[in-house]
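Undergrad: Take a look at the following structure, please.
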Amino acid sequence: MSNSNSHATGSPYAPQTAAETAAMLDAVGADDLESLFDVPESVAFDGEFGIDARSERAARREVAGLLGRNADLTEFLGRGHYDHYVPSVVDDLASRSEFLTSYTQYQPEVAQGFLQALFEFQSMLVELTGLGVANCSMYDDATALGEAATLSQRVRSVSGDQILVPEHLREGKRAVLSNYADGPDLTVESYPMTDGVVDVPALADQIGDATAMVYAESPTVRGVIEERLGAIGNLAHDHEALFCLGSDPIALSLLERPADVGADVVVGDAASLGTGTAYGFGLGMFVTREEYLRQVPGRLVGASEDAADRRAYTLTLQTREQHIRKERATSNICTNQAWVALRTAMHAAWLGPDGLVELAEDCVTRARDLADRLDDIVGVKAPIHGRHHFREFLARTDQPASAIVADLAAEGFAVHAVDDHLVQVCVTETTADATDEFVAAFREVAK
3 MSNSNSHATG
13 SPYAPQTAAE
23 TAAMLDAVGA
33 DDLESLFDVP
43 ESVAFDGEFG
53 IDARSERAAR
63 REVAGLLGRN
73 ADLTEFLGRG
83 HYDHYVPSVV
93 DDLASRSEFL
103 TSYTQYQPEV
113 AQGFLQALFE
123 FQSMLVELTG
133 LGVANCSMYD
143 DATALGEAAT
153 LSQRVRSVSG
163 DQILVPEHLR
173 EGKRAVLSNY
183 ADGPDLTVES
193 YPMTDGVVDV
203 PALADQIGDA
213 TAMVYAESPT
223 VRGVIEERLG
233 AIGNLAHDHE
243 ALFCLGSDPI
253 ALSLLERPAD
263 VGADVVVGDA
273 ASLGTGTAYG
283 FGLGMFVTRE
293 EYLRQVPGRL
303 VGASEDAADR
313 RAYTLTLQTR
323 EQHIRKERAT
333 SNICTNQAWV
343 ALRTAMHAAW
353 LGPDGLVELA
363 EDCVTRARDL
373 ADRLDDIVGV
383 KAPIHGRHHF
393 REFLARTDQP
403 ASAIVADLAA
413 EGFAVHAVDD
423 HLVQVCVTET
433 TADATDEFVA
443 AFREVAK
C-alpha cells in the first residue's frame, strides 16, 4: 500500500502511483492498462452514454411505459425458481438499515445481530438435513453443486475424478458444474433415469472406482420425489465416493432426512423461502458432515463467548478462505448471500416447524390435485410419471408444447415447454386461487 501522498489520481481505493503501475505492467508484460482487458468495440464505452437528459417526471413516465409493456401473466413456472408467499414481516425487518447496508460481518463487535441471524440460518439447515455443519450460504444451487464436486477432491477417502449426475438436470446447473470441473480435470457424466427417478441398476453398472461423487435430486427438476435415495447412497459409499443430494428447505421439512439416506453433502437453493421468484437471484445452501468442516467452502459463523462470558458470534475458520489463504484456499468463493440468507431465516422462523411442514404438504397435494384435473382434459396426460410429485409435474399434450405455451400465454398463463409434446406445470399457494381459470384455459388450448 502506498502512502497517502500517492493518491494523485484521486481514488483511495486504487492508490498506486504511476511508477508502481508501470512496474506491475512490466512484470506481467503489458504495455498499458487497456491491454489487460479485451472489450469488444461494440460495447466499449466511448465517453458518451447517448441518453438525452430528461426531467425526473419525464424519466418516470418513460420507465413506467416500458414496464407497462411487460406481459402480465399468472406464472405456473418452476424448474428451480419457486414463488411462495413471503410475509410482510420479512420485508419490514430485512429492510432495517443495519441489515440492508451491512457488508461482510468481519467486525463481530458491531454485527452481533446479523451474525446471530446467519448462525440461526446455518442451524436450521443442520436440523433439516441431520448433517453436522452448514455454511452461511453460497450464490445459488449451481455454485453449491460445483463446490461439492471440488470438495470431493479434498477428501482423502476419495480418489476418483468422475462426477455422476442425473440425466434430468437443469441445463444451467450442468453448465456451471462443468465449469467447476474444468480446472481440477474432473469429468462430468450423466446416468439414466426411468419414469422420472434414478435407474438404480443402470447407475450400479456405471459407477466405478473412478467415481468421486454421485449427485441426485429430490425433488428432481421435474418435481418427482426420488424414492431410492438410500440405495443411491449405498452405491456411492460402496465405491468410496461422496453422495451429494440436491433439495430445498421446504421439501426437506417433509422428505427423508439426508443424513438418514447416507448423504455426505446437501446442496440446493434456499431462496424458495424469503424472496419469492427472482429468475436467477438465488441462495445456495451447502451442508455436510462435520468431519469435512475444514474443507467447507465459503463463510462459517460460529458461536463463542466474549470477555464477559456472554454468548457471542463471529466468522470462524477463516484460514480456509481466499482472502487469507490465497491460492491455497478451499474455494475461490470469498463471499456469500448474507442478506438473502437472513430473509430465508426470517421466513422459516415465521412459519415455525409446523408451518413449514404444512407448506410442504400443500406442495404435494396441490401438484397432485392440479395434475388430476389436467388429466381429465382430452388430449392431456398428467402427470407422465407415476410417482409422487412436489410443486410441479410434467404433462404430455397431443398438441405441440410450443403451441400450448403460446396459447396459454395469450390467455394470461405461463408454463414451461420441456419437449415437443411435454409441458411442465408448477403450483404454489400464490397461484392456487387461479387454478380454476388455468384449467379452463388449458382445456381450450388443448383442443
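Numbering (this note's numbering) for the sequence shown: 3 to 449.
Ideal placement from N, C-alpha and C gives every residue a C-beta, glycine not left out.
Would V202 and R176 qualify as a contact pair, given that the criterion is a beta-carbon distance under 8 Å?
TA: no
Undergrad: Measuring straight from C-alpha to C-alpha, what distance separates S6 and P17?
TA: The pLDDT assigned to S6 is 45, lower than 50, so where the model puts this residue is not dependable; a value taken from the coordinates is nonetheless given after this. Each residue's alpha carbon lies about 8 Å from the other.
Undergrad: Quick one: grab the DSSP three-state call for A218.
TA: strand
Undergrad: Report yes or no: is there a C-beta of chain C within less than 8 Å of the C-beta of Y108?
TA: The structure shown contains no chain C; it is built from a single protein chain.
Undergrad: If we ignore side chains and look at the alpha-carbon of each, how far apart do V380 and R445 end up?
TA: 8 Å
Undergrad: So for A265, helix, strand or coil by DSSP?
TA: coil
Undergrad: Looking at the secondary structure, which residues open and close the beta strand (DSSP E) in which G148 lies?
TA: Segment D143 to L153 is the alpha helix (DSSP H) holding G148; no beta strand (DSSP E) there.
Undergrad: Cα separation between A113 and Q107?
TA: 6 Å
Undergrad: Please state the DSSP three-state secondary structure of H349.
TA: The answer is helix: DSSP assigns H349 an H, G or I state.
Undergrad: So the alpha helix (DSSP H) M140 belongs to, where does it begin and stop?
TA: Taken as a continuous stretch (DSSP letters only), M140 belongs to no alpha helix (DSSP H), as it is neither H nor E.
Undergrad: Starting from the N-terminal side, write out each stretch of the beta strand (DSSP E) that is 3 residues or longer and does not extend beyond the segment 155 to 241.
TA: 164 to 168, 189 to 193 and 213 to 219
Undergrad: Under 6 Å Cβ to Cβ from S180, same chain only, skipping five residues before and after it: list those, please.
TA: V190
Undergrad: Using 8 Å as the threshold, is the C-beta distance between A397 and L410 below it?
TA: no
Undergrad: Rounded to whole angstroms, what's the CA-CA distance from D54 to V41? Just pull it up for me.
TA: 25 Å
Undergrad: Going by alpha carbons, who is nearest to T430 out of Y87, L69 and E43?
TA: Taking T430 as reference, the option from Y87, L69 and E43 with the minimal CA-CA separation is Y87.
Undergrad: Let me check one thing: in DSSP terms, what residues is V289 bridge-paired to?
TA: Per DSSP, the beta-bridge partners of V289 are A136 and V268.
Undergrad: By alpha-carbon positions, which one of G198, D266 and I165 ends up nearest to P221?
TA: G198
Undergrad: Is the segment 228 to 243 close to the segment 332 to 345, with three or more CB pairs under 8 Å?
TA: Touching, no.
Undergrad: On the premise that A151 lies in contact with I165, defined as a C-beta separation below 8 Å, what is that separation, rounded to the nearest angstrom?
TA: 5 Å
Undergrad: Evaluate M287 with the Cβ neighbour count: other Cβ atoms within 10 Å of its Cβ, from every protein chain shown; 16 or more gives buried, anything less gives exposed.
TA: buried
Undergrad: Only counting the same chain, and skipping five residues up and downstream in sequence, which positions put a Cβ closer than 7 Å to that of V263?
TA: L231, G232 and G235
Undergrad: Tell me, please, which residues DSSP counts as bridged to Q426.
TA: L396 and H418
Undergrad: Return helix, strand or coil for Y316, following the three-state DSSP convention.
TA: Sequence inspection shows Thr at residue 316; the Tyr mentioned does not correspond to that position. Reduced to three states, the DSSP call for T316 is strand.
Undergrad: Nearest CA to the CA of A350: which residue from V298, T432, A273 and K328?
TA: A273
Undergrad: Please classify T23: does DSSP put it in a helix, a strand, or coil?
TA: Assignment of T23 by DSSP, reduced to helix, strand and coil, places it in the helix class.
Undergrad: Is DSSP giving T337 helix, strand or coil here?
TA: coil
Undergrad: Under 8 Å, do V303 and T279 count as touching if we go by C-beta distance?
TA: Taking 8 Å as the cut-off, the beta carbon of V303 is found no closer than this to the beta carbon of T279.
Undergrad: Which class does H391 belong to by DSSP, given the choice of helix, strand or coil?
TA: strand
Undergrad: Here's a check: name, in chain order, each residue in its chain whose Cβ is nearer than 7 Å to the Cβ of H9, leaving out the five neighbours to either side.
TA: Residue confidence for H9 is low, a pLDDT of 49 falling below 50, so the modelled location carries little weight; the figure read from the coordinates is stated next. Contacts found: P17.
Undergrad: Is the distance from the Cβ of E169 to the Cβ of M195 below 8 Å?
TA: yes
Undergrad: So what does A305 bridge to, in DSSP terms?
TA: Y315
Undergrad: Measure the alpha-carbon distance for A405 versus G174 and round it to whole angstroms.
TA: 24 Å
Undergrad: Could you check the C-alpha separation between Q297 and S90 for me, to the nearest Å?
TA: 37 Å
Undergrad: Tell me whether S8 sits in a helix, a strand or coil according to DSSP, three-state version.
TA: Confidence at S8 is low in this model, with a pLDDT of 45, below 50, so the placement of that residue is unreliable and no value is reported for it.
Undergrad: Out of F116, D94 and V92, which one is the CA nearest neighbour of E100?
TA: F116
Undergrad: Helix, strand or coil, according to DSSP, for F245 in the structure here?
TA: strand
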